[in-house]
Amino acid sequence: MQQVTISPKFQVVIPRKIRESLKLLPGQKMQVVQYGERIELIPHKEVHEMRGFLKTISAESNAVEGII
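And the structure:
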């Protein structure tokens, strides 16, 4: 886990290793979600970028059966 500092303008810098591994780009939109005492940043993806992401989900999994 890496630590960052909040600037006087309430900005944070995402560490280089994380930016590179997630392929984040300057100006990219992020979803900001608060979970209790925690903040999560989720990279926004366009619908066409999501194409095919469900291929890896098995219809036989218990999670899917619970929904159906």
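Residues in the sequence shown are numbered from 1 upward in steps of one, following our numbering. All residues carry an ideal CB built from backbone N, CA and C; glycine is no exception. Predicted model, so just to flag it, every value in this text is computed and none were measured.
CB-CB under 7 Å to residue i, same chain, minus the five flanking residues each way: which ones, in chain order?
| i | result |
| --- | --- |
| Gln31 | Ile42, His44 |
| Gly39 | Checking the sequence shown, residue 39 turns out to be Ile, not Gly. Contacts found: Val32. |
Name the two residues that bound the continuous beta strand (DSSP E) containing residue i.
| i | result |
| --- | --- |
| Glu72 | Absent from the structure is residue 72, since the part of the chain shown begins at 1 and ends at 68. |
| Val13 | Where Val13 is concerned, there is no enclosing beta strand (DSSP E), given that its DSSP letter is neither H nor E. |
Tell me the residue span of the alpha helix (DSSP H) that contains residue i.
| i | result |
| --- | --- |
| Ser89 | A query on residue 89 cannot be resolved here, the shown segment of the chain reaching from 1 to 68 and no further. |
| Leu24 | First-last for Leu24: undefined, no H or E at that position. |
Comparing the CB of residue i with every heavy atom of the ligand GDP, is any distance shorter than 7 Å?
| i | result |
| --- | --- |
| Gln2 | Looking for the ligand GDP in the displayed structure turns up nothing, as the structure carries no ligands at all. |
Suppose the cutoff is 8 Å on Cβ atoms and the five residues either side in sequence are ignored; what does the same chain contact list for residue i look like?
| i | result |
| --- | --- |
| Met91 | Only positions 1 to 68 of the chain appear in this structure, which leaves residue 91 out of reach. |
| Val4 | Val12, Val13, Ile14, Pro15 |
On the DSSP bridge list, what partners appear for residue i?
| i | result |
| --- | --- |
| Gln31 | Ile42 |
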